[in-house]
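Participant: A single structure is presented below for examination.
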């Protein structure tokens, strides 16, 4: 139950066994079934969760159209971190796209944890830094590259995505229609011959 | 010299006078003249700096065109945080657009500072969190809103920008041409009558 998160946390900070027990004591196990929501637009996100099993998709709805912002799988975190940090309404939906099991770290527990000392603070800093890098790189993809370049990057960096989530979600992550994605894939298959 | 950063840091963490002295000891004063660069594309960003005076513009060059990513003024931080964290080449330029004075916090000093305890770690966490929120909100602006909506948001949230930086930079921050920005401003002036 706690093996995966323990490995992940101990790769960031060297908690003693006692410190780890305190951390583990803050976690709440929760199962979210496929199609159920982790949060919905308008909710305030009250926790950060570690994914033991399954997958989530985060998306916005703009003019009736869904725009995927990210996917999270086993050993990732799932949260609306802006909503969590600022206690403001979320702008997005986060939905389980498979049956999932998560370990929930509630906001108040997390603040108490930070008060226990520098290792917990370091853990929080390193997680915040990695979430910064994730969203920064995502923004850069949109600013610097065209859809075909974004597709090539995604294919090289996250080949697993193409096996695991429907094509229509991948298109919306790239900011294009499924038809455009099909055209790009066909063109590239021809170029490769 | 250190009054502004002291106010800023102490609003985040309650350093004792002694802890503050250690923090202050890590800072290096530097003047960067208007038009000189804080970093250029390809550089590895080796520090985070607090701006005492002046302004910077961060921008990408894509197909020969400049795309502004942000402005930083007095009491803000300036850095390429992704380059700093991952020690990878920066994708952007950060240029002084006025004569500036900054307090530089070098990477190695910052890591040593983190090792001094939980307050320094908390400072780092809170700065990382605020940089996350900044880039997250910037990404959302592009995903969720059209240029006219982005202009209205910017005008309401950062009216100072319109006084301080050239129109052409503001257009490139909004992801539009100066001509489109002029059209939006004229149309909105007419609507207001």
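Chains as they are written, first to last, in the numbering used here: chain A, 33 to 225; chain B, 33 to 225.
We put the beta carbon where it would ideally sit given N, CA and C, even for glycine.
1) Residues of chain B with CB closer than 7 Å to the CB of residue 161/A, please, in chain order.
2) Cα separation between residue 57/A and residue 178/B?
3) DSSP state of residue 79/A, grouped into three classes?
4) Which residue's Cα is closest to the Cα of residue 208/B: 112/B, 195/B, 142/B, 182/B?
5) Name the chain A residues whose beta carbon is nearer than 7 Å to that of residue 172/B?
6) By how many angstroms is the C-alpha of residue 74/B removed from the C-alpha of residue 133/B?
7) Just checking: is the beta-carbon of residue 99/B within a distance shorter than 7 Å of some beta-carbon in chain A?
8) Determine whether the Cβ of residue 18/A lies closer than 7 Å to any Cβ atom of chain B.
9) Grab me the residues of residue 37/B's own chain with a C-beta within less than 6 Å of its C-beta, minus the 5 sequence neighbours each way, in chain order.
10) Taking the DSSP output, what are the residues bridged to residue 137/B?
11) In this structure, does DSSP put residue 63/A in helix, strand or coil?
12) With 7 Å set as the bound, which would you pick, yes or no: does the beta-carbon of residue 168/B sit closer than that to a beta-carbon of chain A?
13) Measuring straight from C-alpha to C-alpha, what distance separates residue 77/B and residue 165/A?
14) Less than 7 Å between the C-beta atoms of residue 112/A and residue 71/A, yes or no?
15) Using a cut-off of 7 Å between C-beta atoms, extract the partners of residue 96/A located in chain B.
16) Taking all protein chains shown into account, do 16 or more other C-beta atoms lie within 10 angstroms of the C-beta of residue 48/B, making it buried, or fewer, making it exposed?
17) Do residue 160/A and residue 114/B have their C-beta atoms closer together than 7 Å?
18) What does the Cβ neighbour count give for residue 84/B, buried or exposed, with the cut at 16 atoms within 10 Å?
19) The beta strand (DSSP E) that contains residue 124/B, what's its start and end?
20) As a quick exercise: from 116/A, 131/A, 130/A, pick the residue whose alpha carbon is nearest that of residue 124/A.
21) Cα-Cα, which of 126/A, 131/A, 149/A, 69/A is closest to residue 52/A?
22) Please return the same chain residues whose Cβ sits closer than 7 Å to the Cβ of residue 130/B, not counting the five positions on each side in sequence.
23) By a C-beta neighbour count over all protein chains shown, 10 Å radius and 16 as the cutoff for buried, is residue 93/B buried or exposed?
24) Using the three-state DSSP reduction, which class does residue 105/A fall into: helix, strand or coil?
25) Find the residues of chain A that neighbour residue 154/B, judging by a C-beta separation of less than 9 Å, and give them in chain order.
26) Do the CB positions of residue 80/A and residue 102/A come within less than 7 Å of each other?
27) Under a three-way DSSP split, which group does residue 47/B fall into?
28) Is residue 151/A near residue 45/A, with beta carbons less than 7 Å apart?
29) What residues from the region 176-207 of chain B come within 7 Å of chain A, judged by C-beta to C-beta, listed N to C?
30) Check whether the Cβ atoms of residue 167/A and residue 171/B sit closer than 7 Å, and answer yes or no.
31) Nearest-angstrom Cα distance between residue 187/B and residue 43/A?
32) Chain A partners of residue 92/B, CB-CB under 7 Å?
33) Is residue 54/B near residue 204/B, with beta carbons less than 7 Å apart?
34) What residues match up with residue 73/A in a beta bridge as DSSP calls it?
35) What does a CB cutoff of less than 6 Å around residue 240/B pick up in its chain, not counting 5 residues either side in sequence?
36) Which same chain residues, not among the five before or five after residue 107/B, have their C-beta less than 7 Å away from its C-beta?
Facilitator: Concretely, from the data shown:
1) 117, 160
2) 45 Å
3) strand
4) 182/B
5) 123
6) 24 Å
7) yes
8) The displayed coordinates of chain A run from 33 to 225. Any statement about residue 18/A would go beyond what the structure contains.
9) 82, 135
10) 80/B
11) strand
12) yes
13) 14 Å
14) yes
15) Residues of chain B passing the Cβ test: none, with the nearest at roughly 13 Å.
16) exposed
17) no
18) buried
19) Segment: none, residue 124/B is in no beta strand (DSSP E) and carries neither H nor E.
20) 116/A
21) 149/A
22) 66, 86, 87
23) exposed
24) coil
25) 146, 150, 153, 156, 157
26) no
27) coil
28) yes
29) 176
30) yes
31) 44 Å
32) 175, 176
33) no
34) Paired residues: none, contrary to the question.
35) What the structure shows of chain B is the stretch from 33 to 225, and residue 240/B is not part of that stretch, so it cannot be assessed.
36) 36, 40, 83
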